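In our numbering, the protein residues as written are 3 to 131. Ideal placement from N, C-alpha and C gives every residue a C-beta, glycine not left out. Predicted model, so just to flag it, every value in this text is computed and none were measured. First up is the structure itself, then whatever we jot down about it.
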């Protein structure tokens, strides 16, 4: 749900970038109505502003917040907060990253498996614009 100065984070493991992009893809009908992505459907998200999102897929999985999230918007502020709130090291390695800015996910769904791939909701933190 929309909430200023909050960022929600999902991390996943996808076999390849093509599968990850397909999971995130928003399609459109001939009437220009949007068809929800598998990401939105699986995590039961009604709406988020795609202009306030960042996604990335990397070939080698990482289990360190610092290495995994470096280079994203507001990383200097967001990384320490995730490390503080959710431990310095992750329980497993991830190669797919989704940030939704100005969005606070309610955590209704924590884990999704999709065509042999998986994605976990990690949590939300505050940030300053």
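For residue i, report the span of its alpha helix (DSSP H) as first-last.
i          : result
residue 79 : 77 to 88
residue 69 : 67 to 71
Can residue i and residue j be called in contact, C-beta distance under 9 angstroms?
i           : j           : result
residue 10  : residue 111 : no
residue 123 : residue 103 : no
residue 105 : residue 50  : yes
Indicate the three-state DSSP secondary structure (helix, strand or coil) for residue i in the structure shown.
i           : result
residue 131 : coil
residue 15  : strand
residue 104 : strand
residue 122 : strand
Please go through the same chain and pick out, in chain order, the residues whose beta-carbon is closer than 8 angstroms to the beta-carbon of residue i, but skip the five residues on each side of it.
i          : result
residue 81 : 67, 68, 71 and 72
residue 54 : 102, 103, 104 and 105
Tell me which residues share the same chain as residue i and place their Cβ nearer than 7 angstroms to its Cβ, disregarding the 5 neighbours each side in the sequence.
i           : result
residue 96  : 13, 14, 15, 63, 64 and 70
residue 149 : Nothing in the structure corresponds to residue 149, since the chain is present only between 3 and 131.
Under 8 angstroms from any heavy atom of the ligand GDP, does the C-beta of residue i make it?
i          : result
residue 66 : With respect to small molecules bound, the structure shown includes none, and the ligand GDP cannot be examined in it.
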